[in-house]
Amino acid sequence: YEGCVRSVRNLLKNLKFTFKKCNNGRKMLMERNDIVALRCKFLPTMCTLRQNEDTRPVVYLDETWVNQNHSRSHIWQNNEETEGFKIPTGKGGRLIITHAGSSRFGFIEGSKFVFKCRARNSTDYHSSMNSDVFKKWFVDMLKLLPEPCVIVIDNAPYYSMLVNNYPKCNARKADVQNWLKNQGVNFSPLETLAELRERLKLLIPSFKRYELNKIASSMGHEVIRLPLYHCQYNPIELIWAQVKSEVAKKIKLLKWWTSKDLQMRRWIRYQKVTGRNVLNMLRRFKMKITKRKY
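Okay, so the sequence shown: first residue is 213 according to my numbering, each after it adds one.
Structure below.
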C-alpha cells in the first residue's frame, strides 16, 4: 500500500471501524501468516507463466448450485401485489453443476457435470460432493483436454485427497508411532505423544502430496492451487454469477424439476449466456491478476 497513515485511518472510519480496546483477541481483524504465504506463492507463479509466455492454456474449474425456486428478488407488481410472478415458498430442490473453462477453449466441451442434490436439509452444497465423484469427473475432464494445460483449483476437501495419509492431530500415540516406523524414522519408545507430533510436523511437508496433482502430472498437466479463501482469483465464479442471473430470468418458463431431460435443458442455456462472454472474461482476468500486488 502506497498511501499514508491518515488515508488508512479515513478508510477504516468509512468502513465503520473504531480504535478501541479488544476484549476478545479472536475478534481482531488479521490475516493468517500461512494464507499470506500461499498468496505470495500463487500470484508470482501465475505472473511467471505470463512473463515467460508459457503457451499452455490455463484451465479454471469450480462447482456451483442452483435451487429449484431460484428467481429474481425484484419484479414489477401493482400496489395490491395481486399481479406479478408468484414465487413458491421455500428453496425447493437443488442442482449441483461442475464445469471447467479456459480463455483458449471457452468451456471444455463435454466436461459439464450436473446432478441433483440429495441432502436437501444441508445449507452447504459442498456436502453433496465427495472425493470419489469429483475424482472420476476430474479424470474424465483431463481426457478431454487437447493439449497439456495448467489447471487452477481451490482447496475444497474433495480436491485435496492425499496420496499417503498421515496421522492427524487427534491420532493416538500408537498410530503416530506406527506411521513413523513405516516411514523409517528412528525415535525412542520413551518419547511422549507431544514429542512424536513435533517429529510428524517436520515430515508432513515432504509427504503431503495431493492425489489429483499426481494424476494430472501423469497425464502431462500441471495443477496450481488457489490460496485459502481467495475465490476472487478464480474467474469462473464471475461466470456462475451470470449463469444464475439468466436462470432467475427464465424461472417461469423452465419447469425443469420433473425429469432429468428438463434439468439438463435448463443448464444448457448457460452455454448461450456465457459462451460468448467466457473468453473475454478470462482474458480480462489475466490482466487483473498480473497487476495485483502480493
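Just so it is clear, CB atoms sit at the ideal spot from N, CA and C, and this is done for glycine as well. Predicted model only: the values in this text are computed from it and were never measured.
Open item on the list: Here's the rule: buried if 16 or more other CB atoms are within 10 angstroms of the residue's CB, otherwise exposed. What is Thr267?
Closed with: The residue given as residue 267 occupies position 55 in the sequence shown. Thr267 should be labelled exposed.
Task: Spatial distance of Thr404 from Cys443 (CA atoms) - done: Start at 1 with the first residue of the sequence shown, and residue 404 comes out as number 192. Start at 1 with the first residue of the sequence shown, and residue 443 comes out as number 231. Their backbone Cα atoms lie some 40 angstroms apart in a straight line.
Task: Reduced DSSP category for Thr260 - H, G, I as helix; E, B as strand; rest coil - done: Working through the sequence shown from its first residue, we reach residue 260 at position 48. Of the three classes helix, strand and coil, the one that applies to Thr260 here is helix, per DSSP.
Task: Assigned exposure category for Ser314 - 16 Cβ within 10 Å defines buried - done: As a position in the sequence shown, residue 314 is number 102, starting the count at 1. Counting other Cβ atoms within 10 Å of its Cβ, Ser314 reaches 16 or more and is therefore classed as buried.
Task: Sequence-distant residues of its chain with Cβ nearer than 6 angstroms to Arg316 (five each side left out) - done: In the sequence shown, the residue the question calls residue 316 occupies position 104. Contacts found: Pro269.
Open item on the list: By the three-class DSSP mapping on this structure, what secondary structure does Phe399 have?
Closed with: Indexing the sequence shown from 1 puts residue 399 at position 187. In the structure shown, Phe399 falls within a coil segment according to DSSP collapsed to helix, strand and coil.
Task: Check whether Asp422 and Val364 have beta carbons under 8 angstroms apart - done: The residue you call residue 422 lines up with position 210 of the sequence shown. The residue you call residue 364 lines up with position 152 of the sequence shown. Before going further, note that residue 422 is Tyr rather than Asp in the sequence given. The Cβ atoms of Tyr422 and Val364 lie no closer than 8 angstroms to each other.
Task: Asp344 versus Asn222: straight-line alpha-carbon distance, rounded - done: Within the sequence shown, residue 344 is the residue found at index 132, counting from 1. Within the sequence shown, residue 222 is the residue found at index 10, counting from 1. Rounded to whole angstroms, Asp344 and Asn222 show a C-alpha spacing of 50 angstroms.
- [ ] Kindly indicate the opening and closing residues of the beta strand (DSSP E) around Ser314.
- [x] Taking the first residue of the sequence shown as position 1, residue 314 is located at position 102. It spans 306 to 314 - the beta strand (DSSP E) in which Ser314 sits, taken as one unbroken run.
Task: Arg306 versus Asn342 - alpha carbon distance - done: The residue labelled residue 306 in the question sits at position 94 within the sequence shown. The residue labelled residue 342 in the question sits at position 130 within the sequence shown. Roughly 16 angstroms between the two C-alpha positions.
Open item on the list: Relative to the C-alpha of Leu250, which candidate in Cys216, Lys225, Asp366 has its C-alpha closest?
Closed with: As a position in the sequence shown, residue 250 is number 38, starting the count at 1. For Leu250, the nearest C-alpha among the options comes from Asp366.
Open item on the list: If I follow the unbroken beta strand (DSSP E) through Glu434, where does it start and stop?
Closed with: Position 222 of the sequence shown, counting from 1, holds the residue named residue 434. Judged by DSSP secondary structure, Glu434 falls within the beta strand (DSSP E) whose first and last residues are 434 to 437.
Task: C-beta neighbour in chain D for Thr267, strict 8 angstroms - done: Absent from the structure is chain D; it holds one protein chain and no more.
Open item on the list: Quick test of the definition: if touching needs 3 or more C-beta pairs under 8 angstroms, does the stretch 374 to 384 touch the stretch 436 to 453?
Closed with: No: fewer than three Cβ pairs fall under 8 angstroms.
Open item on the list: For Thr310, count the other beta carbons within 10 Å of its own beta carbon; 16 or more makes it buried, fewer makes it exposed. Which is it?
Closed with: Looking up residue 310 in the sequence shown gives position 98. Burial call: buried.
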